[in-house]
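Numbering (our numbering), first residue to last: 450 to 872.
Following this line, the structure appears as structure tokens:
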């Protein structure tokens, strides 16, 4: 068939699809549907490009921002394009939509990317809210992000770059945090922890998972509540400090584990220190040199052990050296302070690219999903990866860093731990 005839045939097929569907978004399955052959065009895929977008909380009511997630994704896509793209196609990364950590905006961003921008995939998705998950799953849009929300555990088209971190019963739990704190304390035997989170679905699930994880590691959990308002940072932390320090039989816990974001952690840790607490403080979010610009913030976070689920920036691993070079290139040759949001975007993009590469030159949704069903690789910045294992289980790797005198130091080196069954 000549090129003009092929073009007419493709146009006719596309017109037939539009005429057959009332929705602004074509369906991604069925005979002739997106990615399933039958002469149909795969949404977001052309002969020489793959269109990808992101959803990131660039802004929030509390001032917290994950904007550098977008930079991290851009850095990885830039390198992919410099190396020839994916099976000859360049990545057309259109950037990330800002959901403002607002559930309504998160869904709106997902709809825009699919219905208006016609992306093949969403990578990265980084927010504490993921109301767009059901829509993206329904529309069969491969989506990649940090698997800290239940929506990353179970759906067919949604992938956590380090696996599923909040599994349903039958899945597993990553033990990096409990095992790391045990190492910091010289063992878990006879030690207690208090776990606190925001009063949100994510916070409640975090309490449930980490309470089980720390208990399994041998700790006594003296306090575990999702009690802090999710919509605003408390102006008075004294009631929470009083509860936390009461512990068991009036004895303060050996470690306070905060499953919250930076503004809450600053307030909580400052209040705990003023209350005389001398134990271990730890959280999963405050690995960001940019936080150290303000003296009050630096003091509040000093001594805190931060959970990482990737190789620390302080590592001399060649993969980390390459990551730093990619971030510098994406920043116009400027040296910028590194943070975990950059890594979130970078590794979300990296997992998408790795599966897309395996899918081959004939990139359709079906071929992408087939590639994901048997995907595995080793020795990445998040350890060994495998799908669909990662849609049910964590990849099980991580490290701890501690802020000391204005700089981060590795307190527990990057290591993979055997996950435990989630009950």
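Virtual Cβ for every residue (Gly too), placed ideally from N, Cα, C.
- Taking each of 531, 859 and 790 in turn and checking the Cα distance to residue 573, the smallest one comes out for 790.
- The beta carbon of residue 666 sits closer than 7 angstroms to those of 624, 627, 628, 631 and 637, all from its chain and outside the five residues before and after it, given in chain order.
- Judged by DSSP secondary structure, residue 816 falls within the alpha helix (DSSP H) whose first and last residues are 814-821.
- Taking each of 749, 750, 736 and 748 in turn and checking the Cα distance to residue 758, the smallest one comes out for 736.
- Between the alpha carbons of residue 703 and residue 729 lies a gap of roughly 6 angstroms.
- Contact between residue 677 and residue 647 holds: CB atoms are separated by about 5 angstroms, below the 8 angstroms threshold.
- Taking C-beta separations shorter than 7 angstroms and ignoring five residues to either side along the sequence, the partners of residue 740 in its chain run 711, 746 and 750, following chain order.
- Less than 8 angstroms separates the beta-carbon of residue 578 from that of residue 552.
- Measuring C-alpha to C-alpha distances from residue 784 to each of 536, 772 and 563 identifies 772 as the nearest.
- Pairwise C-beta distances place the segment 542-559 in contact with the segment 581-600, as three or more of them are shorter than 8 angstroms.
- Closest by C-alpha distance to residue 642, out of 840, 660, 529 and 603, is 660.
- For residue 858, the enclosing beta strand (DSSP E) has its first and last residue at 856-865.
- Per DSSP, the continuous beta strand (DSSP E) segment holding residue 676 begins and ends at 669-678.
- Restricted to the segment 508-554, the beta strand (DSSP E) segments that are unbroken, complete and at least 3 residues in length are 539-547, listed in chain order.
- Residue burial annotation: residue 618 is exposed, with fewer than 16 other C-beta atoms found within 10 angstroms of its C-beta.
- Judged by beta-carbon spacing, residue 519 lies within the 8 angstroms limit of residue 794, meaning their Cβ atoms are closer than that value.
- Taking C-beta atoms as the reference points, residue 696 and residue 672 count as a pair closer than 8 angstroms.
- CA-to-CA, the gap between residue 602 and residue 594 works out to about 11 angstroms.
- Counting along the chain, the unbroken alpha helix (DSSP H) around residue 797 starts and ends at 789-808.
- Under the DSSP assignment, residue 721 falls in the alpha helix (DSSP H) whose first and last residues are 711-723.
- Take residue 718, set aside five residues on each side of it, and the residues of its chain with a beta-carbon closer than 6 angstroms to its own are 730 and 749, in chain order.
- The alpha helix (DSSP H) runs of length 4 or more contained entirely in the segment 585-660 are, from start to end of the chain, 625-634.
- In this model, residue 610 and residue 720 are separated by some 34 angstroms (Cα to Cα).
- For residue 846 and residue 547, the gap between their C-alpha atoms comes out near 29 angstroms.
- Looking at the backbone, the Cα of residue 562 and that of residue 502 are separated by about 7 angstroms.
- Contact check for residue 679 against residue 649 passes: the beta carbons are separated by less than 8 angstroms.
- In this structure, residue 545 sits away from residue 494, with a CB-CB distance that is not shorter than 8 angstroms.
- Following the DSSP letters along the chain, one finds residue 748 inside the alpha helix (DSSP H) bounded by residues 744-750.
- Between residue 586 and residue 560 a beta carbon distance of about 13 angstroms is seen, past the 8 angstroms cut, so the two are scored as non-contacting.
- In the pairwise beta carbon analysis, the segment 794-803 is classified as touching the segment 523-541: at least three pairs are separated by under 8 angstroms.
- Separation of residue 537 and residue 497 (C-alpha to C-alpha, rounded to the nearest whole angstrom) is 7 angstroms.
- DSSP lists 829 as the beta-bridge partner residues of residue 832.
- Taking the Cα positions, residue 761 is about 8 angstroms away from residue 849.
- Judged by beta-carbon spacing, residue 820 lies beyond the 8 angstroms limit of residue 837, meaning their Cβ atoms are not closer than that value.
- Around the beta-carbon of residue 492, 16 or more other beta-carbon atoms lie within 10 Å, marking it buried.
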